[in-house]
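Below is one structure; the comments refer to it alone.
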Amino acid sequence: VITAITGLEENVVNKDTDFQCNGSLSVGGINPKCWKAGGHGAQKFPDIIQNSCNVGFMKLGAMIGKDKLCEYINKFGFGQASGIDLPGEAKGIVKAVNKVSEADLATIAFGQTNTVNSVQYMTAFNAVANGGTLIQPHVMKEITHNDDNNASIVDDSFKPKTTTVASKEKTAELRSYLERVVTGGSGTGTFIEGYHIGGKTGTAQKVVNGVYGDGKYISSFVGMAPVDDPKVTIMVTIDEPTKNGAYYAAQVAVPPAKTLFLDIFNYLNSKFSDENLGQITRDVTIPEVRNMKVADAKKVLKDAKLDFNIEGDGENITGITPYPGYSVKEGSKINLYTNSEGTYNN
1 VITAITGLEE NVVNKDTDFQ CNGSLSVGGI NPKCWKAGGH GAQKFPDIIQ
51 NSCNVGFMKL GAMIGKDKLC EYINKFGFGQ ASGIDLPGEA KGIVKAVNKV
101 SEADLATIAF GQTNTVNSVQ YMTAFNAVAN GGTLIQPHVM KEITHNDDNN
151 ASIVDDSFKP KTTTVASKEK TAELRSYLER VVTGGSGTGT FIEGYHIGGK
201 TGTAQKVVNG VYGDGKYISS FVGMAPVDDP KVTIMVTIDE PTKNGAYYAA
251 QVAVPPAKTL FLDIFNYLNS KFSDENLGQI TRDVTIPEVR NMKVADAKKV
301 LKDAKLDFNI EGDGENITGI TPYPGYSVKE GSKINLYTNS EGTYNN
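Positions 1 to 346 (UniProt numbering) are the ones given, in order, by the sequence shown.
The following block contains the structure:
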């Protein structure tokens with residue numbers, strides 16, 4: 001992601017820039033391989049992002065040069081503490097520009113050599129999501145208490161440090177390419193109809209005692225939604241995956257990422273009625289009402305003290321959001337669908 005935004009910001013690449021991948025690239029005395037043994041062939045810049053093409057990113061790194069790439073790595077907060085108010089944060093290891101060899105530049109460009117922690121990476125990824133502002137991370141928004149009249153009083157609020165690190169135009173362009181990762185690339189396992197998720201998979205060899213460990217990997221997926229105006233970002237990291245020998249991010253990190261997105265979307269789709277906002281409400285498990293007659297479904301939801309909205313003029317319930325089985329608060333609004341287009345969650 002950092003290599004891509006650097007290339008865009010510095011006008012080194014655009015959507016029409018050509019790349020050729022034959023499966024590996026000899027550079028600086030090493031021969032790093034692409035995950036696709038036969039190579040991806042001829043590609044445009046958006047394709048190397050969608051295909052997670054190591055060779056394409058190595059070539060892009062060479063086009064950018066080590067000085068500019070290292071500048072952006074530092075600008076996006078790597079190699080330094082993020083400032084989150086939690087103890088024990090590791091700064092990570094980032095090679096100084098004067099120590100970066102031709103081989104280092106190649107591997108840094110596709111996400112190896114340097115080390116980062118998840119908070120650092122999410123902070124940088126959020127800058128792409130929000131239009132180019134690096135925001136100091138924090139574990140809560142504010143500290144409040146309720147007064148004698150049960151009104152919420154703000155005692156202290158977090159005022160993060162912010163730095164502009166990229167332009168709105170280039171970050172928006174990159175987000176559109178990240179959506180292609182989910183619709184047709186290595187992140188297709190996170191695709192959810194209608195939510196416009198963008199993301200990037202990553203599979204890196206793990207460093208053990210200063211060298212890459214044999215058969216040891218860290219696999220990850222970062223995602224945002226919706227890409228045109230992100231409201232949610234997530235990161236899933238699997239340290240040394242062991243499931244049936246699988247270690248690629250698409251195999252081990254993407255499935256739980258989709259589950260997480262589904263949980264988040266179901267939570268956000270739950271609408272709380274205004275009259276209950278200031279009251280303590282109990283949790284309710286959404287009942288199964290699909291395939292019921294509309295009148296029967298309405299009675300079941302009313303008995304569960306749930307509000308509802310019905311779309312369509314059919315006789316039976318064909319779809320529901322949030323899904324049955326999810327826990328919401330009393331008074332939450334449940335969306336019911338009665339036409340065929342509402343059956344996507346059956």
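A virtual CB, placed ideally from N, CA and C, is assigned to each residue, including glycine.
Enclosing alpha helix (DSSP H) for residue i [first to last residue]
{"i": "G245", "result": "Careful: G245 lies outside any alpha helix (DSSP H) and carries neither H nor E."}
{"i": "G7", "result": "2-9"}
{"i": "D283", "result": "Note, D283: premise wrong, no alpha helix (DSSP H); beta strand (DSSP E) at 283-285."}
{"i": "D229", "result": "Note, D229: premise wrong, no alpha helix (DSSP H); not H, not E."}
{"i": "T259", "result": "254-269"}
Supposed close pair residue i, residue j - CB separation, criterion 8 Å
{"i": "A124", "j": "G77", "result": "6 Å"}
{"i": "C34", "j": "C53", "result": "6 Å"}
{"i": "P241", "j": "S220", "result": "Not really, about 10 Å apart at Cβ, beyond 8 Å."}
{"i": "G305", "j": "G331", "result": "Looking at the sequence shown, residue 305 is not Gly but Lys. With a Cβ gap of about 7 Å, K305 and G331 count as contacting."}
{"i": "G29", "j": "A103", "result": "6 Å"}
{"i": "I320", "j": "L262", "result": "With 8 Å as the limit, I320 and L262 do not qualify as a contact, their Cβ atoms being about 14 Å apart."}
{"i": "Y323", "j": "N266", "result": "6 Å"}
{"i": "A90", "j": "N117", "result": "5 Å"}
{"i": "I49", "j": "V181", "result": "6 Å"}
{"i": "E142", "j": "V154", "result": "5 Å"}
{"i": "K95", "j": "T113", "result": "6 Å"}
Host beta strand (DSSP E) of residue i (start-end)
{"i": "Y337", "result": "332-337"}
{"i": "S327", "result": "327-329"}
{"i": "T163", "result": "162-164"}
{"i": "G185", "result": "Premise fails: G185 is in no beta strand (DSSP E) and is neither H nor E."}
{"i": "G194", "result": "Element bounds for G194: n/a, residue is neither H nor E."}
{"i": "T17", "result": "From DSSP, T17 is part of no beta strand (DSSP E); its letter is neither H nor E."}
{"i": "T318", "result": "Run containing T318: none; DSSP gives neither H nor E here."}
Contact check, residue i vs residue j, beta carbons under 8 Å
{"i": "Y121", "j": "M235", "result": "yes"}
{"i": "V284", "j": "V300", "result": "no"}
{"i": "K200", "j": "V1", "result": "yes"}
{"i": "I93", "j": "T115", "result": "yes"}
{"i": "E173", "j": "H196", "result": "no"}
{"i": "G202", "j": "G312", "result": "no"}
{"i": "V145", "j": "D85", "result": "Here residue 145 is His; the residue named in the question, Val, does not match the sequence. Not closer than 8 Å, so no."}
{"i": "V328", "j": "I310", "result": "no"}
{"i": "N269", "j": "N291", "result": "no"}
{"i": "D307", "j": "I286", "result": "no"}
{"i": "P256", "j": "A129", "result": "no"}
{"i": "D67", "j": "V27", "result": "no"}
{"i": "C227", "j": "S176", "result": "Inspection of the sequence shows that residue 227 is occupied by Val rather than by Cys. A contact, by the Cβ cut-off of 8 Å."}
{"i": "A253", "j": "I238", "result": "yes"}
{"i": "T3", "j": "N126", "result": "no"}
Three or more beta-carbon pairs under 8 Å between the stretch 42-53 and the stretch 12-19, yes or no? yes
The stretch 79-88 in contact with the stretch 3-10 per 3-pair CB rule at 8 Å: no
I want to know whether the stretch 125-140 touches the stretch 160-174 - three or more CB-CB distances under 8 Å. yes
State whether the stretch 58-75 contacts the stretch 184-192, with contact taken as three or more CB pairs (one from each stretch) at a distance under 8 Å. no
Which full runs of the alpha helix (DSSP H) of 4+ residues lie inside the stretch 78-158, going along the chain? 102-109, 118-129
Extract the residue ranges of the beta strand (DSSP E) inside the stretch 19-69, only unbroken runs of 3 or more that lie entirely within it. 41-44
Extract the residue ranges of the beta strand (DSSP E) inside the stretch 289-316, only unbroken runs of 3 or more that lie entirely within it. 307-311
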